[in-house]
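Notes to accompany the following structure.
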Amino acid sequence: MKNNKRKTFSRRVIVQMVFFVVIIPFLPLLIAWRWRWWEAWTYALVCILGFVISRALAARRSPDLLAERARFTRHENAEPWDRLLAPLVGLGGGLIPLVAGLDARFDWSPTFSLPIKLAALSVILAGYGLGSYALIENRYFSGMVRIQADRGHRVVSSGPYRWVRHPGYAGALLAYLATPFFLDTLWAFLPVLCLTMVLVIRTAREDQTLRDKLQGYRDYAKRVRYRLLPGVW
87 MKNNKRKTFS RRVIVQMVFF VVIIPFLPLL IAWRWRWWEA WTYALVCILG FVISRALAAR
147 RSPDLLAERA RFTRHENAEP WDRLLAPLVG LGGGLIPLVA GLDARFDWSP TFSLPIKLAA
207 LSVILAGYGL GSYALIENRY FSGMVRIQAD RGHRVVSSGP YRWVRHPGYA GALLAYLATP
267 FFLDTLWAFL PVLCLTMVLV IRTAREDQTL RDKLQGYRDY AKRVRYRLLP GVW
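Going left to right, the sequence shown walks through residues 87 to 319 as the working numbering numbers them.
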């Protein structure tokens, strides 16, 4: 058991986790070198604490979930199309703070008012809350789209899955769309737009995969009609 855990959370996995969980959120501060930029500090802390708290709560409820997510690049039965889309999602998530840091360093964009920033922060927190709720509720919340027969994969219809079929993606989109307003970066809307398109495509492909391959999902889709946004899609 200990050997399997050590193999799952290898040095490579730990290095990747530190890079994406710690370094990426601090990119705006590291690039702009503006250490009094409270919005960037807040953004970094929200990202890091959101990750740590959500994973801790998810691990308490589903102890094997973190191992499933840590092995996401090594699943042999992952959908072929997601081997392209999943890395694009990770790349897009990293480009947003990178562009925000460059924008602040070279003063490309005007600043938004405090009420707009506070509203954006509220949306970011709501997005993280929704995504975390989905992660905690769904023990099959893998980092790669696959049918997890080895883990007894079944339809999850509780928690936020009562409202939309893919609340994790919905929460991520909320956070991504609000971030440029909070960090005063109009240019970050370019990677946000690209990332939104990738996530919409991934949602559609995943939804079709689950319809075709996961028993009970078609009936669930009839009960919960919308994928991402209630009343729209």
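By construction, the Cβ of each residue, glycine as well, lies at the ideal position given by its N, Cα and C atoms.
Same chain only: Cβ atoms within 8 Å of residue i, ignoring 5 sequence neighbours per side
i    : result
R155 : F227, S228 and G229
Residues of its chain near residue i, where Cβ-Cβ distance is below 7 Å and the 5 sequence neighbours each way are ignored
i    : result
V231 : A164, E165, D168, E292 and T295
A212 : L260
W194 : W273
Residues near residue i in its chain [Cβ-Cβ closer than 6 Å; skip 5 each side]
i    : result
V242 : N224
A206 : A264, F267 and F268
A186 : P114, L269, T271 and A274
E125 : F268 and L269
I202 : F267
Burial state of residue i (16 or more Cβ within 10 Å)
i    : result
L171 : buried
R146 : exposed
I109 : exposed
S199 : exposed
Coil, strand or helix - residue i by DSSP
i    : result
D150 : coil
M283 : helix
Q294 : helix
M103 : helix
A307 : helix
S195 : coil
R122 : coil
T271 : coil
R157 : coil
Terminal residues of the alpha helix (DSSP H) in which residue i lies
i    : result
G245 : It is not in any alpha helix (DSSP H) - G245 carries neither H nor E in the DSSP assignment.
T265 : P253 to F268
D168 : D168 to F192
P201 : L200 to E223
CB-CB length for residue i against residue j, believed under 8 Å
i    : j    : result
V318 : V250 : Rounded, the Cβ-Cβ distance is 10 Å, inconsistent with contact.
I210 : A264 : 5 Å
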